[in-house]
Amino acid sequence: MPVSLRPEPSRFYRWMVLIFLSLAMFGSYYAYDALSPLADVLKQQLGFSDSNIGLLQAIYSFPNIFTVVIGGLIIDRIGLRKSLMIFGILCLIGPAITAASGALWIMAAGRLVFGMGAESLNVAVTAALARWFKGKELSFAFGINLTICRLGTFVALNSPTWARNAYAYWRWPFLIALAFSALCVLGVIVYWAMEVHAEQNYHLGEASTDKVVLADLFKFGVSYWYIVALCVTFYSAIFPFQTFAVKFFIEGHGTSREFGGFLSSMLTLFAMVATPLFGLLTDRVGKRALLMMVGSVLLIPVYLIMAYSQVSLYVPMGMMGIAFSLIPAVMWPSVAYIVDQAKLGTAYGLMTMIQNIGLFGFNLLIGWANDYSHASAANPAGYRLGMWIFSVLGFLGMFFAFLLHERETGPHGHGLESITTASART
């Protein structure tokens, strides 16, 4: 039967594809976040400094600066299935190298290899989902995919609770992460089989990827660059904090590792529940730049509250969770309003590239700041320098959101403050 006359895959078949692709990403999310609850163990058993720990997390982001340029090219050159398999295998090899030795350079090499695979895997999974769900339930499919991925983060940060005994020795939690990273390969193997079967029996869409087109980088307007600036400051205040959060809670506030891991995972819980709700709110009321200002304002005091007061940690982490749900729910869709559809892939690729530059730099900076100030259980005040850096990032995020609001309420606006679902129907 000609391909054009074949039926499309059933809804059940498509959702099974999504489940196995999401399981692959679940494994990569777990392996990424497995480092944070282990930071103080690495310090005690291997003599690592905070700069060393910051390096282990930062080096993951280093190859991601270039992934958005080459990831799509690799997929286009060798095909989606082979690309997914290569990236999935890298996600397995990286954690294996990290768990193999307590030498910093070997562990860093493992995190580097893992970073090369993990973000490229995300690019390939995005392309695969677009192939299977475009013109159908694509937005909902992406939402379910993200929820499953973030479950990987939640499970990793709470591993001191369900795998408490493993934290007696630094290698054991890394071996658990290695076991979860096997899902990166297992999920891809199942997807490979399902896609081969579908290509023989169904009509599928074409695979597409988001690539950075260098010539387009000079065509984006001022509003786009304000959003990019907010993106890099916001994520640089969130993820490098999470790198050291469990260690900070243990040494700075005397929590258990289990409770520290749960506090850090609150960001994921908030995001899983509240991000789609904030998205619905934004669609109804508009005011996108204003909402991003609100989210940034919430970030400014939370780090200083944790550094200088004994207020229940639920309060600042709850505030951070709201910001972590609100800003991404508004920020990423806002780009679609100010960039031409034909250049949207380039716009998102560039944002991701610059975001990873920030994550790379600030993981290193916060590790250095903690060491410079001798942050430890004996000197909890040593964490304050890093907390001030995070607060300044929150202030800068508010400033860029304010500039965006001023731009969008002026003659050069794109409707970020005014477009709603009601106005779109009229």
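Numbered per this note's numbering, the sequence shown spans residues 1 to 426.
C-beta atoms are modelled at their ideal positions from N, C-alpha and C, and glycine is treated no differently.
Please report the distance separating the alpha-carbon of residue 171 from that of residue 189. Residue numbering aside, residue 171 sits at position 171 when the sequence shown is read from its first letter. Residue numbering aside, residue 189 sits at position 189 when the sequence shown is read from its first letter. Rounded to the nearest angstrom, the gap between the Cα atoms of residue 171 and residue 189 is 28 Å.
Classify residue 115 as helix, strand or coil using the three-state DSSP reduction. For the purposes of this step, residue 115 is identified with residue 115 of the sequence shown, where counting begins at 1. For residue 115, the three-state secondary structure derived from DSSP is helix.
If I follow the unbroken alpha helix (DSSP H) through residue 43, where does it start and stop? The residue you call residue 43 lines up with position 43 of the sequence shown. Residue 43: member of the alpha helix (DSSP H) spanning 39-46, first to last residue.
Measure the beta-carbon distance from residue 300 to residue 236 and round it to whole angstroms, keeping in mind my assumption that it falls under 8 Å. Counted from its first residue, the sequence shown places residue 300 at position 300. Counted from its first residue, the sequence shown places residue 236 at position 236. Contact flag wrong, Cβ pair sits at about 14 Å.
Taking 8 Å as the threshold, find out whether the region 343-363 comes into contact with the region 255-268 through three or more Cβ pairs. Contact fails between the region 343-363 and the region 255-268, because fewer than three Cβ pairs, one in each stretch, are under 8 Å apart.
What is the rounded straight-line gap between the Cα of residue 221 and the Cα of residue 107? For the purposes of this step, residue 221 is taken as the residue at position 221 of the sequence shown. For the purposes of this step, residue 107 is taken as the residue at position 107 of the sequence shown. Those two C-alpha atoms are separated by around 41 Å.
Which word fits residue 418, buried or exposed, when buried means at least 16 other C-beta atoms lie within 10 angstroms of its C-beta? Stepping through the sequence shown from its first residue, residue 418 is reached at position 418. That one is exposed.
With a Cβ-Cβ cutoff of 8 Å, do residue 191 and residue 20 count as a contact? Within the sequence shown, numbered from 1, the residue matching residue 191 stands at position 191. Within the sequence shown, numbered from 1, the residue matching residue 20 stands at position 20. Closer than 8 Å, so yes.
Answer with buried or exposed for residue 162, where buried requires no fewer than 16 other C-beta atoms within 10 angstroms of its C-beta. In the sequence shown, residue 162 corresponds to position 162, counting from 1. The residue in question, residue 162, is exposed, as its Cβ has fewer than 16 Cβ neighbours within 10 Å.
Leaving out five residues before and five after residue 100 in sequence, what residues of the same chain have Cβ atoms less than 8 Å from its Cβ? Position 100 of the sequence shown holds residue 100. Contacts found: 106, 110.
Whose CA, out of 201, 273, 248, lies closest to the CA of residue 376? For this step, residue 376 is matched to residue 376 along the sequence shown. Relative to residue 376, the option among 201, 273, 248 whose CA is nearest is 248.
Check each candidate in 102, 86, 140 and name the one with the smallest Cα separation from residue 115. For the purposes of this step, residue 115 is taken as the residue at position 115 of the sequence shown. Comparing Cα-Cα distances from residue 115 to each of 102, 86, 140, the minimum goes to 86.
Nearest by alpha-carbon distance to residue 310: which of 320, 255, 272, 321 is it? Position 310 of the sequence shown, counted from the first residue, corresponds to residue 310. Closest by alpha carbon: 255.
The region 346-354 / the region 306-320 touching (three or more Cβ pairs under 8 Å): Judged by pairs of C-beta atoms under 8 Å, the region 346-354 does not touch the region 306-320, as fewer than three such pairs exist.
In chain order, what residues of the same chain have a beta carbon less than 7 Å from the beta carbon of residue 407, not counting five sequence neighbours either side? On the sequence shown, position 407 is the one that residue 407 refers to. Closer than 7 Å at the Cβ level, and outside the excluded window around residue 407, lie 222, 223, 226, 413.
Taking residue 386 and residue 366 to be in contact with their CB atoms under 8 Å, please state how far apart those CB atoms are, rounded to whole angstroms. Along the sequence shown, one-based indexing puts residue 386 at 386. Along the sequence shown, one-based indexing puts residue 366 at 366. Yes, they are in contact, since the Cβ atoms of residue 386 and residue 366 sit about 5 Å apart, within 8 Å.
Considering only residues of the region 343-392, which uninterrupted alpha helix (DSSP H) runs meet the minimum length of 4 residues and lie entirely inside it, listed in chain order? List check, alpha helix (DSSP H) in window: 344-372.
Indicate whether residue 295 and residue 327 have their beta-carbon atoms separated by less than 8 Å. Residue numbering aside, residue 295 sits at position 295 when the sequence shown is read from its first letter. Residue numbering aside, residue 327 sits at position 327 when the sequence shown is read from its first letter. A contact, by the Cβ cut-off of 8 Å.
Could one say the Cβ of residue 257 lies closer than 8 Å to chain B's Cβ atoms, at least one of them? Annotation note: the requested chain B is absent from the structure, which comprises a single protein chain.
From this set, 66, 380, 130, which residue's C-alpha is nearest residue 17's C-alpha? Locating residue 17 in the sequence shown gives position 17, counting from the first residue. Comparing Cα-Cα distances from residue 17 to each of 66, 380, 130, the minimum goes to 130.
DSSP-derived helix/strand/coil call for residue 170: Taking the sequence shown and counting its residues from 1, one reaches residue 170 at position 170. Coil, per DSSP.
Buried or exposed for residue 250, please, with buried defined as at least 16 other CB atoms from any protein chain shown within 10 angstroms of its CB. As a first step, residue 250 must be located in the sequence shown, where it is residue number 250. Counting C-beta atoms within 10 angstroms of its own C-beta, residue 250 has 16 or more neighbours from the protein chains shown and is therefore classed as buried.
Is residue 149 near residue 117, with beta carbons less than 8 Å apart? The residue you call residue 149 lines up with position 149 of the sequence shown. The residue you call residue 117 lines up with position 117 of the sequence shown. Taking 8 Å as the cut-off, the beta carbon of residue 149 is found no closer than this to the beta carbon of residue 117.
Within 10 Å of its beta-carbon, does residue 242 have 16 or more other beta-carbons around it, so buried, or fewer, so exposed? Taking the first residue of the sequence shown as 1, we reach residue 242 at position 242. Buried: at least 16 other Cβ atoms inside 10 Å.
Span of the alpha helix (DSSP H) around residue 264: Indexing the sequence shown from 1 puts residue 264 at position 264. Where residue 264 is concerned, the enclosing alpha helix (DSSP H) stretches over 257-285.
For residue 414, which three-state DSSP category applies? Here residue 414 refers to the residue found at position 414 of the sequence shown. Looking at residue 414 - three-state DSSP - the assignment turns out to be coil, as it is neither helix nor strand.
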